[in-house]
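What follows is a single structure, written as structure tokens, with notes after it.
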Amino acid sequence: MKTRLRLAAPWIAAIVIGAIGVVLRFYVVEPQYMQHACEEGVAMWWCSYRQAVVVGFLTNGYGYAAVAAALLSLVWRHPFPAALAAGLGLLALQLYCFEAGALALLIGALRLVRVQSQPASAAPAAA
1398 MKTRLRLAAP WIAAIVIGAI GVVLRFYVVE PQYMQHACEE GVAMWWCSYR QAVVVGFLTN
1458 GYGYAAVAAA LLSLVWRHPF PAALAAGLGL LALQLYCFEA GALALLIGAL RLVRVQSQPA
1518 SAAPAAA
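Position 19 of the sequence shown, counting from 1, maps to 1416 under the numbering used here, and the rest follow consecutively.
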């Protein structure tokens, strides 16, 4: 059972990160009532957080973070950066950073499969 959980945990983490992107997109960014509440003179307390999310995809910040995680997964042969790249790729896809998100999702998923398919004895020693 431990082996199954160890293999499934990075995929579950990537899906959870992607689900956070869905929640941010459909419940924070897109609703018109939230946009209008933040544009009026008296802004709510959460408007600065919403604005930070919007600036993140307007500047392609989520895409850059996803590609950086994908490059890290190519250098560091461990499930963590691969799952992070796949998760941030999903997040970037949901938050309008399509090209970089798709690239990071592809690299992260392929790298995660590759890292998980190697036996523990074949993995290179960490420096």
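A virtual CB, placed ideally from N, CA and C, is assigned to each residue, including glycine. In this text the structure is predicted, and so the values were computed from the model without any measurement.
Self-check item: I1414 versus A1434 - alpha carbon distance
Solution: For the purposes of this step, residue 1414 is identified with residue 17 of the sequence shown, where counting begins at 1. For the purposes of this step, residue 1434 is identified with residue 37 of the sequence shown, where counting begins at 1. When rounded, the distance between both Cα atoms is 27 Å.
Self-check item: Any non-hydrogen atom of the ligand MG closer than 7 Å to A1465 Cβ
Solution: Absence of the ligand MG is noted for the structure shown, with no ligands found whatsoever.
Quiz item: When DSSP labels each residue in this structure, what does G1418 get in the three-state scheme?
Solution: Against the sequence shown, residue 1418 aligns to sequence position 21. Here G1418 sits in helix by DSSP.
Self-check item: Of the residues Q1448, L1455, V1512, L1485, the one placed nearest A1465, counting alpha carbons only
Solution: Working through the sequence shown from its first residue, we reach residue 1465 at position 68. Each of Q1448, L1455, V1512, L1485 was checked against the Cα of A1465, and the nearest Cα belongs to L1485.
Quiz item: Per DSSP, what kind of secondary structure is L1492 in: helix, strand or coil?
Solution: Position 95 of the sequence shown holds residue 1492. In the structure shown, L1492 sits in coil (DSSP, three-state: anything other than H, G, I, E or B).
Quiz item: Exposed or buried, which one is T1400 when buried takes at least 16 other CB atoms within 10 Å?
Solution: Position 3 of the sequence shown, counted from the first residue, corresponds to residue 1400. By the 10 Å Cβ count, T1400 comes out exposed.
Practice problem: Could you spell out where the alpha helix (DSSP H) holding R1447 opens and where it closes? | Solution: By 1-based counting over the sequence shown, the position of residue 1447 is 50. That run of the alpha helix (DSSP H) goes 1444-1455.
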